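Enquirer:
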Amino acid sequence: MEQLRQTIRESQNNVLKKRCQCVLYSYYGLTVSELMDMFAVDRRSIYNWMNRWQEDGVQGLMDKPGRGLKPKLNPDDQQHVEKVIQAMMSFPKEPRQVLQQINHQLPKPVSQDTLRRFVKKISRIDSMAA
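Encoded structure:
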């Protein structure tokens with residue numbers, strides 16, 4: 002139980018903290034129904050967290066890699082970087098044209114905001130590498 006308390010105090014991961022709190026409250030005697038209401042999750046999630054805690058401790062409560070939505074534009078994907086740079090060079094002062102060209106070339110369409118965030122990320126990477 003001390004491991005749960007320490008993780009709640011020290012972790013930056015709010016999802017992990019929530020799961021640790023749930024397991025701890027269960028230990029203190031709260032029912033699954035009370036935990037469902039408190040953490041706004043379904044019964045299956047509570048049972049999954051409890052089983053993962055019993056099997057693997059705090060490690061079992063962490064999300065495994067590869068979960069979640071994958072980015073439409075990935076700064077680690079050289080093809081994405083090259084296509085965006087090429088579009089920006091072709092249309093230097095026309096962001097709508099850049100967006101249109103990117104959406105024509107990539108399988109998943111992106112929004113103006115997604116493109117802006119991506120350009121900001123690759124700009125930071127370039128400035129750090131220089």
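Quick note on numbering: the sequence shown equals residues 2 to 131 in the numbering used here.
By construction, the Cβ of each residue, glycine as well, lies at the ideal position given by its N, Cα and C atoms.
Because the structure is a prediction, the values reported are computed rather than measured.
(1) Quick one: any contact between the segment 58 to 77 and the segment 4 to 19, if contact means 3 or more CB pairs under 8 Å?
(2) Kindly indicate which residue of E56, N75, G67 and H105 has the alpha-carbon position closest to the one of K121.
(3) Going by the CB atoms, is the gap between K71 and L107 shorter than 8 Å?
(4) Hey, which unbroken runs of the alpha helix (DSSP H) at 4 residues or more fall wholly within the segment 66 to 100?
(5) For the putative contact between S27 and M51, defined by C-beta atoms under 8 Å, what is the C-beta separation to the nearest angstrom?
(6) Using only the alpha-carbon positions, how far apart do D78 and S124 sit?
(7) Using only the alpha-carbon positions, how far apart do V59 and H81 sit?
(8) Going by Cα to Cα distance, which pick from E95, M39, W54 and M89 is closest to L5?
(9) Tell me whether T8 is buried or exposed, calling it buried when 16 or more other Cβ atoms sit within 10 Å of its Cβ.
(10) I need the straight-line Cα distance from G1 to T115, nearest angstrom please.
(11) Secondary structure at T8, three-state DSSP: helix, strand or coil?
(12) DSSP three-state label for M37, please.
Expert: Per the coordinate set shown:
(1) yes
(2) N75
(3) no
(4) 79 to 91
(5) 6 Å
(6) 14 Å
(7) 36 Å
(8) W54
(9) buried
(10) Because residue 1 is not part of the residues shown, which for the chain are 2 to 131, the question remains open.
(11) helix
(12) helix
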